[in-house]
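Data first, discussion second: the structure below is written as C-alpha cells.
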Amino acid sequence: MKINKTPKRAQLQVSFAWIFAIIVGAFILFIAIYSATKVVKTGDTEVSAKAGKEISALLNPLEIGFETGVVVLLAVPVETRIYNQCDTSGNFGRQIIKVSQKSFNTWAETDVEAGFPNKFIFSDGVEEGRNFIVFSKPFEFPFKVSDVIYMTSSNKKYCFFKAPTEIKKELQGLGQENILVESLECPEQSIKVCFSETVGADSGCDITVDKMQSSVEKRGEMVYYETDALMYAAIFSDKAVYECQVKRLMKRTEQLSLLYDEKRSLLSQKGCPDTVDLQSLASSTGAFTNSSTLSSQDLFSVAITADQVNKQNDAATCALW
Amino acid sequence: MKIQQMAFMLIAVTVFFALVGMFVLTIVFSNMKASAAVLEEKNALLLASRLANSPEFRCGNAFGTERANCVDFDKVMALKKGIKKYSQAGFWGVSKIEIVKLYPVRGSVLCTLENYPECGRIEILPAGEGKGVSNFIALCRKEYNGGQVQNVCELAKIVITYKG
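Protein sequence lines, in the order shown, are assigned to chains A and B. With the numbering used here applied, the first sequence corresponds to residues 398 to 718, in that order. With the numbering used here applied, the second sequence corresponds to residues 6 to 169, in that order.
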C-alpha cells in the first residue's frame with residue numbers, strides 16, 4: 398500500500414510545478430512576442446510618418462517659384478509606396494501623403510498620414526519604387542496660385558512622342574531621366590504620350606493630349622485643363638487625383654481673389670482708381686468648388702472670367718499682381 | 006518550497022524584462038521626439054526662405070518686374086484681415102509669422118489698417134511661442150500722390166516661429 402501512495406504524491410507535485418512553469422512561461426513568452434511585434438509596428442509607423450514629413454520638407458525648394466525646371470530626386474533606401482490622396486474639405490482642402498515601406502518582404506501598412514493644405518502634388522494614386530522624380534511648374538490663373546508638383550516613380554518611363562516644339566524644349570530642359578522626348582519611336586514598356594495635332598489616332602498611344610480641346614485622354618478617361626501646368630498634371634496623374642487637386646487649386650484661387658479684392662479696396666482708399674472686378678472671379682471659382690457636379694470639363698468658364706480679370710489688371714493704374 | 010522559489014524567480018524574470026522593455030521604449034520615443042523636432046526645424050528654415058515668394062506674400066509684377074524675396078505690404082495688410090481662414094487650416098504649419106521693418110527704422114509700433122504704412126512691425130499670425138527663424142526681404146507698397154503712382158520699398162525681415 399505504501400509503495401503505491403508515494404509515487405502518486407510525487408507525480409502530482411512534479412506535474413503541478415511543470416504546469417505552473419509552462420503557464421507562466423507561456424505568458425512571459427506571449428508578452429515578449431506581443432511587445433516585440435508592437436515595437437516593430439511602431440518603428441514601421443515612425444519610419445512612414447517621418448518619410449511623409451521628409452517629403453514635405455524636400456518639396457519646399459520646388460515652391461520658391463523662381464527656378465523653373467528644378468528637378469528633385471527623392472531616393473529611399475527600401476522599396477516604397479507613396480499614396481497620393483486629396484481632400485477638398487475646408488477653405489483649402491488638404492494634400493495627404495501616406496508612405497508604406499517594404500519590411501521583411503511585406504508592405505508595412507500604416508494609418509499615419511501627413512497632410513498639407515498648401516501643397517498640390519499630381520501623380521498616380523500610388524507611386525512605387527526606390528527613386529521618385531519630382532519637378533514643379535507655377536500655376537497662374539491669372540495671378541500665381543501655387544507651384545504645382547509632379548511626382549513620378551523612376552520605374553515609369555514617359556515617352557513624349559512628336560511633342561510640339563515648346564513642350565519638347567521644356568521637357569528636354571528638365572533633363573529628367575524618366576521623361577523621353579522622341580520623334581521616331583518610343584521604347585517598349587514606356588508610357589507613350591501623343592499630341593493629336595502631330596499624331597493620328599492609330600499610333601498606340603497610352604495618353605493623348607488634344608491641345609485644341611484642352612483635353613487629355615488617359616486609360617479611356619477624359620480630363621480637361623487650362624494652362625500648360627494643368628496639362629502636365631493631367632498627364633502624370635490619374636483622374637481622381639487630378640479632379641480633386643483642380644478643385645483645391647480653385648479653392649485657393651477663390652481665397653486669393655478675395656485677398657486681392659481686399660488689397661484693391663485698400664489701394665482705392667489711398668486714391669488708386671478701382672478697375673479690377675475680382676468678385677466675379679471669386680464667385681466663379683466659388684461656384685466651381687461648391688458644386689459636386691462641376692468638373693474639369695467646366696473649367697473653361699472660370700478661365701474666361703480669369704482672362705477678363707487679367708486684362709483689367711494689365712490696364713489698371715495700380716496693378717494688383 | 007520549490008513552487009515558491011520558481012514563482013519568485015518567474016516574477017523576477019518578468020519584472021526584469023518589463024524594465025528592460027520600458028528602458029528601450031523610452032530611448033525609442035526620445036529619438037522620435039528628436040526626429041520630430043529636427044523635421045519641424047528643417048521645415049521652418051525652408052519656409053522662411055519660401056514664404057516671401059508664396060502667392061499670399063509675393064510682389065509678383067505689381068512693382069515692375071518680378072523679384073525674389075519681395076513682399077507686398079498692401080497685400081500683407083489685406084491678408085491680416087482674413088488671416089483666420091489660414092490659421093484655422095494650419096496653412097503654413099508654423100505658430101507665428103511677423104514682419105519687422107529694419108530700414109528706415111520705424112520703431113516697434115504695431116501696424117494696423119489705421120496707422121499703416123507709418124509703423125514698424127506687422128503681426129500676421131500673432132499668437133504662438135517657440136523658436137524663430139528669419140529671412141531678409143524687401144517690403145514694397147504703392148504710394149499714390151496727385152495722380153502719380155510710386156513704388157516704395159523698405160528693408161525688412163520676415164520672422165517665423167515654430168514649436169521646437
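Glycine residues also receive a C-beta, built at the ideal position from the N, C-alpha and C atoms.
Asked                                                                                                                      : Found
Neighbour flag for Leu646 (chain A) against chain B, beta carbons, 8 Å                                                     : no
8 Å Cβ cutoff, Ala418 (chain A) in contact with chain B                                                                    : yes
Anticipated Cβ contact below 8 Å, Phe592 (chain A) with Lys559 (chain A), distance rounded                                 : 6 Å
Residue-level contact to chain B via CB, Met398 (chain A), 8 Å cutoff                                                      : In this prediction, Met398 (chain A) scores a pLDDT of 46, lower than 50, which makes its location untrustworthy; no coordinate-derived value is stated.
Contacts of Ala83 (chain B) in chain A (Cβ-Cβ under 7 Å)                                                                   : Leu656, Glu659, Lys660 and Leu663
Ile102 (chain B) at chain A interface by Cβ criterion, 8 Å                                                                 : no
Three-way DSSP call (helix, strand, coil) for Gly761 (chain A) in this model                                               : This structure gives no information on residue 761 (chain A), because the portion of chain A shown stretches from 398 to 718.
Cys591 (chain A) - containing beta strand (DSSP E), residue span                                                           : Ile588 to Phe592
Classification of Leu675 (chain A) by the beta-carbon crowding that lies within 10 angstroms, buried from 16 upward        : buried
Below-8 Å beta-carbon distance, Ser543 (chain A) vs any chain B residue                                                    : yes
Limits of the alpha helix (DSSP H) - the one that Glu651 (chain A) falls within                                            : Lys636 to Lys667
Enclosing alpha helix (DSSP H) for Asp704 (chain A) [first to last residue]                                                : Leu696 to Ala712
Residue(s) in a DSSP beta bridge with Ile452 (chain A)                                                                     : DSSP output for Ile452 (chain A) lists no bridge partner at all.
Whole-number beta carbon distance between Lys168 (chain B) and Ser100 (chain B), since they are thought to touch under 8 Å : 6 Å
Residue environment, Met398 (chain A), which counts as buried when at least 16 other CB atoms sit within 10 Å              : Legend: pLDDT at Met398 (chain A) = 46, less than 50; position of this residue unreliable, no value from coordinates given.
Gly42 (chain B): contacting residues in chain A (beta-carbon distance under 9 Å)                                           : Note on residue identity: the sequence assigns Ala, not Gly, to residue 42 (chain B). Chain A residues near Ala42 (chain B): none, gap ~11 Å exceeds 9 Å.
Lys397 (chain A) to Glu510 (chain A) span [Cα, whole Å]                                                                    : The displayed coordinates of chain A run from 398 to 718. Any statement about residue 397 (chain A) would go beyond what the structure contains.
Closest residue to Val468 (chain A) among A:Ser533, A:Ala446 and A:Asn515 (Cα-Cα distance)                                 : A:Ser533
Limits of the unbroken beta strand (DSSP E) element including Lys162 (chain B)                                             : Gln153 to Tyr167
Below-8 Å beta-carbon distance, Phe62 (chain B) vs any chain A residue                                                     : no
Cutoff 8 Å: Leu717 (chain A) Cβ touching any chain B Cβ                                                                    : yes
Euclidean distance between Cα positions of Gly617 (chain A) and Gly490 (chain A)                                           : 28 Å
Val706 (chain A) and Ser677 (chain A) closer than 8 Å at C-beta                                                            : yes
Whole-angstrom C-beta distance between Phe557 (chain A) and Ile576 (chain A), which should lie under 8 Å                   : 7 Å
The segment 126 to 145 of chain B in contact with the segment 157 to 168 of chain B per 3-pair CB rule at 8 Å              : yes
Within chain B, partners of Gln652 (chain A) - CB distance below 9 Å                                                       : Glu61, Gly87, Lys90 and Tyr91
Chain B within 8 Å of Lys534 (chain A), Cβ atoms only                                                                      : no
Phe501 (chain A), buried or exposed, once every other Cβ within 10 Å from all chains shown has been counted against 16     : exposed
Beta-carbon neighbours of Phe427 (chain A), restricted to chain B and to distances below 9 Å                               : The contacting residues do not exist; Phe427 (chain A) stays about 11 Å from chain B at best.
Three-state class that DSSP yields for Met398 (chain A) in the structure shown                                             : Per-residue confidence for Met398 (chain A) stands at a pLDDT of 46, beneath the threshold of 50, marking its modelled position as unreliable; the derived number appears in the next sentence. Coil.
Element boundaries [alpha helix (DSSP H), containing Tyr629 (chain A)]                                                     : Thr624 to Phe633
Start and end residues, beta strand (DSSP E) containing Asp508 (chain A)                                                   : Run containing Asp508 (chain A): none; DSSP gives neither H nor E here.
Residues near Leu15 (chain B) in its chain [Cβ-Cβ closer than 7 Å; skip 5 each side]                                       : none
heavy atom of the ligand ADP below 7 Å from Gln93 (chain B) C-beta                                                         : The ligand ADP is not among the ligands present in this structure, which contains no ligands whatsoever.
Short-range partners of chain B found in the segment 562 to 592 of chain A, where Cβ spacing is below 8 Å                  : none
Same chain, Cβ closer than 8 Å to Gln586 (chain A), five either side skipped, listed in chain order                        : Lys554
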